[in-house]
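Only one structure is covered here, and it is reproduced in the block below.
Right, here's the structure in full:
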């Protein structure tokens with residue numbers, strides 16, 4: 001049964017997130033977590049998020065807040081603000097919940113959520129995926145998804161600028 005109510009949380013909403021997760025787990029839902037910037041949504045993102053969602057019953061997306069994106073991408077990114085990016089993500093059928101976080105990595109968020117499945121792109125080795133060891137420590141799975149070749153926000157931005 002699809003989840004009709006979608007929510008956007010800040011990672012500081014720990015009590016609300018914990019309550020939601022407890023309820024989902026009591027219902028036997030398999031929780032999948034991934035994270036990213038999702039600045040300029042494109043087919044590669046849609047494909048990735050759809051495949052991630054197929055790995056469980058509920059997909060939670062950790063979304064980098066604007067301040068963290070500026071630290072590791074560039075001062076000119078993100079192009080869309082965090083609330084717009086979060087609203088766009090929750091409009092997608094594949095995404096159930098979005099949790100915005102400010103840290104450089106989602107490690108603390110992963111420890112709070114304790115997903116059954118942690119998903120990242122296949123451009124990462126399992127050993128490079130933040131939270132992989134933690135998720136494996138309690139029997140969770142770590143999966144990688146291949147990106148759609150030639151589809152990236154960076155490529156789109158370069159094309160627009162040329």
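Numbering (my numbering), first residue to last: 1 to 162.
Each residue gets a CB set at the ideal place from its N, CA and C atoms; glycine is no exception.
This one's a predicted model, so the numbers in the text were calculated from it and none came from an experiment.
### Message
Beta-carbon within less than 6 Å of residue 118's beta-carbon, same chain only, minus the 5 sequence neighbours each way: which residues are those?
### Response
Position 118 of the chain shown, counting from 1, holds the residue named residue 118. Excluding positions up to five away in sequence, the list reads 33, 131, 135, 142.
### Query
Going by beta carbon distance, what residues of the same chain come within less than 6 Å of residue 97, once the five residues before and after it are set aside?
Locating residue 97 in the chain shown gives position 97, counting from the first residue. Taken in chain order, the residues that qualify are 7, 60.
### Query
By Cβ distance, which residues of its chain are closer than 6 Å to residue 53, with the 5 residues on each side in sequence left out?
Residue numbering aside, residue 53 sits at position 53 when the chain shown is read from its first letter. Close CB contacts of residue 53 within its chain, under the 6 Å cut and outside five residues either way in sequence, are with 59, 94 (chain order).
### Task
For the region 56-101, list the beta strand (DSSP E) runs that are entirely contained and at least 3 residues long, ordered along the chain.
Counting whole runs of 3 or more residues, the region 56-101 contains the beta strand (DSSP E) stretches 58-64, 97-101.
### Message
At the 8 Å Cβ level, is residue 112 part of the contact set with chain C, yes or no?
### Response
No chain C appears in the structure shown, which is made up of a single protein chain.
### Query
So, are the CB atoms of residue 102 and residue 146 less than 8 Å apart?
Reading the chain shown from its first residue, position 102 is the one you call residue 102. Reading the chain shown from its first residue, position 146 is the one you call residue 146. Cβ distance not < 8 Å, so residue 102 and residue 146 don't count as in contact.
### Task
Determine which residues share a DSSP beta bridge with residue 53 and list them.
Mapped onto the chain shown, residue 53 falls at position 53. Answer is none; residue 53 lacks a bridge partner.
### Task
With a threshold of 16 other CB atoms inside 10 Å of the CB of residue 49, please say whether the residue is buried or exposed.
Residue mapping note: residue 49 aligns to position 49 of the chain shown, counting from 1. Classification for residue 49: buried.
### Query
According to DSSP, is residue 44 helix, strand or coil?
As a position in the chain shown, residue 44 is number 44, starting the count at 1. It is helical.
#### Entry: Buried or exposed by the 16-neighbour rule on C-beta atoms within 10 Å, applied to residue 104
Translated into positions along the chain shown, residue 104 becomes position 104. So residue 104 ends up on the exposed side.
### Query
Does DSSP classify residue 117 as helix, strand or coil?
The count along the chain shown starts at 1 and reaches residue 117 at position 117. Residue state, collapsed to three classes: strand.
### Query
What are the boundary residues of the beta strand (DSSP E) that includes residue 10?
By one-based count along the chain shown, residue 10 stands at place 10. 7-10 is the span of the beta strand (DSSP E), which, as asked, contains residue 10.
### Query
Should residue 72 go down as buried or exposed, given a rule of 16 or more other Cβ atoms within 10 Å for buried?
Position 72 of the chain shown, counting from 1, holds the residue named residue 72. Classification for residue 72: exposed.
### Query
Between residue 79 and residue 38, is the Cβ-Cβ spacing less than 8 Å?
Mapped onto the chain shown, residue 79 falls at position 79. Mapped onto the chain shown, residue 38 falls at position 38. Against a cut-off of 8 Å, the Cβ pair of residue 38 and residue 79 comes out as no contact.
### Query
Taking Cβ positions, are residue 9 and residue 69 nearer each other than 8 Å?
As a position in the chain shown, residue 9 is number 9, starting the count at 1. As a position in the chain shown, residue 69 is number 69, starting the count at 1. Taking 8 Å as the Cβ cut-off, residue 9 and residue 69 do not qualify as a contacting pair.
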